[in-house]
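Take a look at the structure below.
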Amino acid sequence: MARRMVIIGGGAAGIGAAGAAKAAAPSAEVIVYTAFEDVGYSPCGIPYVHGKEIPDFTSLFLAEKQAYADAGIDVRYETTVLGFDPESRTVQVEGEGPSGYDALIIATGFDYKPPGVPGEDLGGLYYVKNIRRAMEWDKILDNVRHAVVVEASPLGLEMVTALAHRGIDTHVIDPHPWALGELCDPDIVAPVQESWAEMGVTTHWDTRLLGFTGDREGHVRTVATTDGELPAELVVVATHKVANNALAVAAGLRTGSTGGLVVDDHMRTSAPHVWAAGDVCEIPHGVGGLPLQGLTGSHAYAQGKVAGTNAAGGERAYQPVYVPWGMVAGTWMIGGAALGEVAATALGVPHVVGKATGISRARYFPGVRPVTVKLLAEPRTLRLIGAQMVGGEGIKERADFLALAVRKGITLHDLASMENVYSPPIGALNEPIVTAAQAGVST
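The sequence shown lines up with residues -23 to -1, 1 to 420 when you count with mature numbering (1 follows the signal peptide of the UniProt record, and there is no 0).
This is how it looks when you write it as structure tokens:
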């Protein structure tokens, strides 16, 4: 009899798991349950459609629905899973009787942390997640004059920029002293904040949300904060991502300090025959083992591949993460890998810093932009433990490389003498990573 595999969730982790399961066990029956109308699209692209950098939402779909059917993946759309029982190996679906499984993968993703203030049930509060809702909100944006973004998280940065591109009077409020306060160093994010000011964005740092007030129709009209009251016909709630773990918790699965499901390197949960992947679980950081939850789509997809392969009887392991990250915000690219200076200090991790500003291409080539690189290393060994960067281009590639460098134990000495590409359109004579490493070696 064919192995019956059930996946709850149709995001990057769920679809990655489904594809990997079919590859590892082509005869397996693979069923994906999703509460939404679609699977296999990029929610990360939604802010860029809102900002008009991407022309339409159809570009965000990875494949037509028929492609999943042709691949032997049975996707059950707009279907609510009520629960599952690891002991009997059954799943309870709304409107159906219990259904058995041989292997179960939990890929239920994340929810935004509720604002927890009066008025959070008003209309006009936008949680960027589902593409069909985003299509509806995009039409509304044409008539919005004033918007508030709650918290300068990664999504918050993208949406602030998108709203400014739409010509909307935009305010951002955040309880930290600067944007990405728990992830990014203030000197790295400062150019982004300066560019926002040039775009007409008003920022409110060290500011707490107090509540929302609405009109007679129940639609938000103002946002109350510790820095005063702000007008708004639209509020983007970009609070911290929390694990959507209700089904798993009800089934008795173990969660960690982040609220994410605890998994091993094969993405197995605490329950037999149950795996998990994506934002619903927590993964150890490669530097110090700190558990992390709510990473990126690439992490979710890779975890799904591991979970799907192993659930189907294959063999694949997932490593601790060093979290290369990057984004476009304002008129800049920012990014990094592993630990920044603020995070390292908060965790009590000793470090030395090497920092330098270079250029993205030859000084005489059109479009040249500055690139600032900050490297963190262990004081004695000078082994790299993190990096952060801001520039006009080339941040993603440097972040990917530096995350691998941290993973492999590369030192500032190694980076200070590394070779680099010199080509006027794409690389300057002096690579900023090299210059930053040299500054760190000399400290």
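Even glycine gets a Cβ: it sits at the ideal position worked out from N, Cα and C.
Contact check, residue i vs residue j, beta carbons under 9 angstroms
i: Gly317; j: Leu272; result: no
i: Phe34; j: Ala111; result: yes
i: Asn222; j: Val257; result: yes
i: Val330; j: Thr420; result: yes
i: Tyr295; j: Gly(-8); result: no
i: Arg346; j: Gly313; result: no
i: Asp183; j: Pro208; result: no
i: Val251; j: Pro75; result: no
For residue i, the first and last residue of its enclosing beta strand (DSSP E)
i: Ala364; result: Leu361 to Gly368
i: Leu59; result: Val58 to Asp62
i: Glu(-20); result: Just to set this straight, residue -20 is Arg in the shown sequence, not Glu. Its beta strand (DSSP E) spans residues Arg(-20) to Ile(-16).
i: Pro20; result: Neither: Pro20 is in no beta strand (DSSP E) and is coded neither H nor E.
C-alpha gap between residue i and residue j, whole angstroms
i: Ala315; j: Met366; result: 12 angstroms
i: Pro95; j: Thr190; result: 8 angstroms
i: Glu14; j: Gln270; result: 26 angstroms
i: Val200; j: Gly101; result: 11 angstroms
i: Leu132; j: Cys161; result: 14 angstroms
i: Met(-19); j: Ala80; result: 5 angstroms
i: Ala139; j: Pro24; result: 6 angstroms
i: Phe378; j: Tyr18; result: 27 angstroms
i: Ser87; j: Pro401; result: At residue 87 the sequence reads Phe, which differs from the Ser that was named. Going by the C-alpha atoms only, they are around 43 angstroms apart.
i: Gly386; j: Arg245; result: 28 angstroms
i: Ala156; j: Glu128; result: 8 angstroms
i: Lys42; j: Ala12; result: 15 angstroms
i: His262; j: Pro356; result: 20 angstroms
Simplified DSSP assignment, three categories, for residue i
i: Pro131; result: helix
i: Glu171; result: helix
i: Glu194; result: coil
i: His243; result: coil
i: Gln43; result: helix
i: Cys258; result: strand
i: Ala321; result: helix
i: Glu374; result: helix
i: Ala294; result: coil
Residue environment, residue i, which counts as buried when at least 16 other CB atoms sit within 10 Å
i: Tyr399; result: exposed
i: His27; result: buried
i: Thr180; result: buried
i: Gly344; result: exposed
i: Arg50; result: Residue identity differs from the one stated: residue 50 is Ile in this sequence, not Arg. Label assigned to Ile50: buried.
i: Leu381; result: exposed
Run of the alpha helix (DSSP H) containing residue i, from where it starts to where it stops
i: Arg110; result: Ile108 to Leu118
i: Tyr25; result: Ile23 to His27
i: Gln280; result: Gly274 to Ala288
Residue i Cβ short of 8 angstroms to the ligand COA heavy atom set
i: Ala227; result: Absence of the ligand COA is noted for the structure shown, with no ligands found whatsoever.
9 angstroms Cβ cutoff, residue i in contact with chain B
i: Ser400; result: The question asks about chain B, but that chain is absent: this structure has only one protein chain.
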